[in-house]
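Engineer: What follows is a single structure, and I will ask about it in a moment.
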Amino acid sequence: MLAHRLLFSLGRRRPFSMSSLEELVATQTALFNQLRESKAEASVLDEAKKKLGELKNLWRFQKPRETRRRRTEGRSGSGCCSKRPRAHATLVQLRWLVAKTSSGRSRSASRPLVGVASTHRSLSARTSSPTSMAKTRNSFSTLWIRGGEQLALRYDHTVPLARYLAMAGGTNTQSKIWQVGKVYRRDNPVMSKGRMREFSQADFDISGVWDPMIPDGEIISLVCTVLTKLNVGEFTVKINHRKILDGIFEVCGVPADKIRSISSAVDKLDKLPWSEVKKEMTAEKGLDEEVADKIGEYVKHKGGPALLEQLLADPNLTANASAKQGLDEMGLLFTLLRAYDVVDKLSFDLSLARGLDYYTGIIYEAVVAASAPPALDALTAPKPKSKKPKKDGDEDEEVDDSQVGVGSIAAGGRYDNLVGAFTAAAAAEGKKAPSIPCIGISFGLDRIFALLWPSWVERGGRTKGTIAYVMAAGDGLLEERIKLVRELRDGGIKADFLAKSKPKPKAQFDVIEADEVPFAVIIGADELKRGEVTVKEQTWQIVDGKREKVKNADQGTAISRAKLVEWIKSSAAYQTSL
């Protein structure tokens, strides 16, 4: 516990002084030596060693600044009126901007930075697994600023929203909130699998006290509606309940201190066969093999309302308070989802665990056929030998992403205690504070776009929305091109032109082909005299999986300039482009 308290106390809010830094380095050194002598677990030793290195680096960074400050004070006198460091003033402004940005209602700041220390303290107040918390921290993209404050790029939208609700004092009850923005991971990117260090998420959350399971049904219905409207193809929304899962672990005999780590292993069943998951639980996490077999009998089940009836008939589960509450809530949820007419899109999957510890109730994730993991034979194929050393203790081995699909395209759940964790951390350590129940969903926009892109291209989708490209034949006619572009735009047609005084015809046609513009509108001296333009319709087709322009001998159609907008809008090519 001493190590855990010290690790979370290092990110305090005021800037470090040299004396405090030296004291912290000495304390951390003593702690590291003590852990080494007591033969502590490798993961604890590594964490202590890492923190000692960070402190020493910060001490080296601060030392020359402290020397310069003392020299300045020596030249200017004692200075009776000391000022707070400029870095601290900047940090105060930054925190204010972060608070506004995280709400999704005001976007004054473009840099999504959050204080790592405050996030760690709040999450650690909620979680029962220091190992899981350390793994989440290792996913942060962190940085130090002058003054000793450690910051992190935004990990998700959920924690900043909880911070905002906590800062609002619990007054924003019964709210429906949406956010769209970038989030960050310190991860190994696999672009083809939609796994990146920077990506965009769209979040929808409902906060406040409502009648049971109504917000949960709203969010799940929203997921089904959005994915249906986007035409992502056949999809399944997998659902489970944290309380049911925790009850299963308790009934099977999993020790309380291993529940979160075992839950993390179970969550890999969509990527790995049961034999490998069982091996991780027993050989790596120290779970008794008999207990693992009992878990396997439960988590292999998936289905719908019929599975719920099967679980309600299990006397061991119904005798467990956590499992019974989860089953009752799941029954109410299915009743509501029948009214939403989305039950056929759902799969009650007992292997769904979700990795983050702040979930307290319903959890869910959406998977489409194109993003689902491969068949079991692909998963059981021999893996290439890795030169990386095997991880110790409860640290999870990374799944080989070449062996799995894109993964879920939307995920979320209920997090009733997260806001309270922030208010409690702000009030006093361990002190109870009012909370706001919340539930939400995050859509992985980059993964969704990656899935939609092939079908979008096949349907004739274009990277730009330009409908008409105004060209000049002969002398540049810049002013006339600008006038014609304005007329088209005023008529509701997206038009553009090459921003050169005397562009060459080839350069203009190159732009049309690159952007796949359906109409080339050509003006020349003769057309100007007659009040006409020449319109050439451009078409493309799929050849060997690639889009190619259809070549034809059409010289274009002469159209009265006054009727140009009407002619374009009545064409089949224009209707197709909408």
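When you line the sequence shown up against the numbering used here, it's residues 143 to 720, in that order.
Every residue gets a Cβ at the ideal spot worked out from N, C-alpha and C, and that includes glycine.
Considering only residues of the same chain and omitting the five flanking positions on each side of PRO516, which have a CB-CB separation below 6 angstroms?
Structural biologist: Within the sequence shown, the letter at position 374 stands for residue 516. For PRO516, the predicted model reports a pLDDT of 43, less than 50, meaning its position is unreliable; a value from the coordinates is still stated below. Closer than 6 angstroms at Cβ, skipping near neighbours: no residue.
Engineer: Looking at the structure shown, is LEU619 part of a helix, part of a strand, or coil, going by DSSP?
Structural biologist: For the purposes of this step, residue 619 is identified with residue 477 of the sequence shown, where counting begins at 1. It is coil, neither helix nor strand.
Engineer: Quick check on the DSSP output: the beta strand (DSSP E) that includes GLU418 runs from which residue to which?
Structural biologist: Locating residue 418 in the sequence shown gives position 276, counting from the first residue. Counting along the chain, GLU418 falls outside any beta strand (DSSP E), though it belongs to the alpha helix (DSSP H) covering 416-421.
Engineer: What are the residues that DSSP puts in a beta bridge with THR378?
Structural biologist: Stepping through the sequence shown from its first residue, residue 378 is reached at position 236. In the DSSP output, where bridge partners are listed per residue, THR378 has VAL509.
Engineer: Between SER405 and chain C, is there a C-beta pair that is closer than 8 angstroms?
Structural biologist: Absent here is chain C; the protein component of the structure consists of one chain.
Engineer: From VAL167 to ALA190, what distance separates their C-alpha atoms?
Structural biologist: Position 25 of the sequence shown, counted from the first residue, corresponds to residue 167. Position 48 of the sequence shown, counted from the first residue, corresponds to residue 190. So the alpha carbons of these two residues sit roughly 11 angstroms apart.
Engineer: Verify the contact flag: LYS410, CB atom, against every heavy atom of the ligand GTP, threshold strictly below 7 angstroms.
Structural biologist: No copy of the ligand GTP occurs in the structure displayed, which carries no ligand at all.
Engineer: Check whether the region 377-392 touches the region 621-630, counting contact only when three or more Cβ pairs, one atom from each stretch, lie closer than 8 angstroms.
Structural biologist: Cβ pair count under 8 angstroms is below three, so no.
Engineer: Spell out the partners DSSP gives LEU488 in its beta bridges.
Structural biologist: Along the sequence shown, one-based indexing puts residue 488 at 346. VAL379, per the DSSP bridge assignment.
Engineer: Just the Cα atoms here: how many angstroms apart are VAL393 and ASP329?
Structural biologist: Walking along the sequence shown from the start, residue 393 turns up at place 251. Walking along the sequence shown from the start, residue 329 turns up at place 187. So the alpha carbons of these two residues sit roughly 35 angstroms apart.
Engineer: Tell me, which residues are paired with GLU674 by DSSP?
Structural biologist: In the sequence shown, the residue the question calls residue 674 occupies position 532. Paired residues: SER702.
Engineer: Can you say whether ASN784 is buried or exposed, counting buried as having 16 or more other CB atoms within 10 angstroms of its CB?
Structural biologist: This structure cannot settle anything about residue 784, because the visible part of the chain is limited to 143 through 720.
Engineer: Note the first and the last residue of the continuous alpha helix (DSSP H) segment covering TRP352.
Structural biologist: Within the sequence shown, residue 352 is the residue found at index 210, counting from 1. Careful: TRP352 lies outside any alpha helix (DSSP H) and carries neither H nor E.
Engineer: Let me make sure I understand the geometry here. Which of PHE651, TRP709, ALA495 has the alpha-carbon closest to that of THR699?
Structural biologist: In the sequence shown, the residue the question calls residue 699 occupies position 557. For THR699, the nearest C-alpha among the options comes from TRP709.
Engineer: Going by C-alpha to C-alpha distance, which of ILE390, GLN170, ASP358, ASP657 sits closest to ASP456?
Structural biologist: Counted from its first residue, the sequence shown places residue 456 at position 314. Cα-wise, what sits closest to ASP456 is ILE390.
Engineer: Can you grab the Cα-Cα spacing for the pair LYS606 / THR370, in whole Å?
Structural biologist: Here the question's residue 606 lines up with position 464 in the sequence shown. Here the question's residue 370 lines up with position 228 in the sequence shown. Taking the straight line joining both Cα atoms gives about 24 angstroms.
Engineer: Which residue comes first and which comes last in the beta strand (DSSP E) that contains SER584?
Structural biologist: As a first step, residue 584 is located in the sequence shown; it is residue number 442 there, counting from the start. 580-586 is the extent of the beta strand (DSSP E) around SER584.
Engineer: In angstroms, rounded to a whole number, what distance separates the CA positions of PHE585 and TYR506?
Structural biologist: Position 443 of the sequence shown holds residue 585. Position 364 of the sequence shown holds residue 506. Taking the straight line joining both Cα atoms gives about 12 angstroms.
Engineer: For a test of the three-state rule: what should DSSP assign to VAL692, helix, strand or coil?
Structural biologist: Counted from its first residue, the sequence shown places residue 692 at position 550. It is coil, neither helix nor strand.
Engineer: For SER489, tell me which candidate among ASP499, VAL441, GLN697 has the shortest Cα-Cα distance.
Structural biologist: Here residue 489 refers to the residue found at position 347 when the sequence shown is read from its first residue. Of the candidates ASP499, VAL441, GLN697, VAL441 places its Cα closest to the Cα of SER489.
Engineer: Using a threshold of 8 angstroms, state whether the C-beta atoms of LEU449 and GLY473 are closer than that.
Structural biologist: Taking the sequence shown and counting its residues from 1, one reaches residue 449 at position 307. Taking the sequence shown and counting its residues from 1, one reaches residue 473 at position 331. No, Cβ-Cβ distance for LEU449 and GLY473 is not below 8 angstroms.
Engineer: Going by C-alpha distance, which of PHE661, TRP595, VAL653, ALA667 is nearest ASP617?
Structural biologist: Position 475 of the sequence shown, counted from the first residue, corresponds to residue 617. Of the candidates PHE661, TRP595, VAL653, ALA667, the one whose C-alpha sits nearest the C-alpha of ASP617 is ALA667.
Engineer: Suppose you measure from the CA of THR608 to the CA of GLU669; what does that come to, to the nearest Å?
Structural biologist: Translated into the one-based positions of the sequence shown, residue 608 becomes position 466. Translated into the one-based positions of the sequence shown, residue 669 becomes position 527. If I take the Cα positions, the gap works out to 23 angstroms.
Engineer: What do you get for ILE356, buried or exposed, if any count of 16 or more other CB atoms within 10 angstroms of its CB means buried?
Structural biologist: Counting from one through the sequence shown, the residue named residue 356 turns up at place 214. Flag for ILE356 reads exposed.
Engineer: List the DSSP bridge partners of VAL663.
Structural biologist: The residue you call residue 663 lines up with position 521 of the sequence shown. Paired residues: VAL612, VAL677.
Engineer: With distance defined between alpha-carbon atoms, name the residue in ALA715, ASP412, GLU658, GLU291 nearest to LYS444.
Structural biologist: Position 302 of the sequence shown, counted from the start, is the residue given in the question as residue 444. Out of ALA715, ASP412, GLU658, GLU291, ASP412 has the C-alpha closest to the C-alpha of LYS444.
Engineer: Just to confirm the assignment: which complete alpha helix (DSSP H) runs, minimum length 4, are found wholly within the region 460-484?
Structural biologist: 463-482
Engineer: Which of the three DSSP states, helix, strand or coil, is assigned to LYS444?
Structural biologist: Here residue 444 refers to the residue found at position 302 when the sequence shown is read from its first residue. Here LYS444 sits in strand by DSSP.
Engineer: Sort out for me which residues DSSP pairs GLU340 with in a bridge.
Structural biologist: Position 198 of the sequence shown, counted from the start, is the residue given in the question as residue 340. The partner list for GLU340 (beta bridge, DSSP) reads TYR326.
Engineer: Helix, strand or coil, according to DSSP, for ASP456 in the structure here?
Structural biologist: Taking the sequence shown and counting its residues from 1, the one referred to as residue 456 is at position 314. ASP456 falls in the coil class under three-state DSSP.
Engineer: Classify ALA294 as helix, strand or coil using the three-state DSSP reduction.
Structural biologist: As a working note, residue 294 is residue 152 in the sequence shown. ALA294: strand per DSSP, three-state reduction.
Engineer: Which word fits THR565, buried or exposed, when buried means at least 16 other C-beta atoms lie within 10 angstroms of its C-beta?
Structural biologist: Here residue 565 corresponds to residue number 423 of the sequence shown, with the count starting at 1. THR565 comes out buried.
Engineer: Can you tell which of ARG296, ASP435, PHE476, ASP409 has the C-alpha that lies nearest to the C-alpha of ILE362?
Structural biologist: In the sequence shown, counting from the first residue as 1, residue 362 sits at position 220. ILE362 has its Cα closest to that of PHE476, out of ARG296, ASP435, PHE476, ASP409.
Engineer: Considering only residues of the same chain and omitting the five flanking positions on each side of VAL663, which have a CB-CB separation below 6 angstroms?
Structural biologist: Within the sequence shown, the letter at position 521 stands for residue 663. Contacts found: ALA610, VAL612, VAL675, VAL677.
Engineer: For GLY554, which three-state DSSP category applies?
Structural biologist: Numbered from its first residue, the sequence shown carries residue 554 at position 412. Here GLY554 sits in strand by DSSP.
Engineer: Thinking just about the alpha-carbon of each residue, which of ASP435, ASP399, PRO579 is nearest to the one in TRP352?
Structural biologist: Here the question's residue 352 lines up with position 210 in the sequence shown. The shortest C-alpha separation from TRP352 is found at PRO579.
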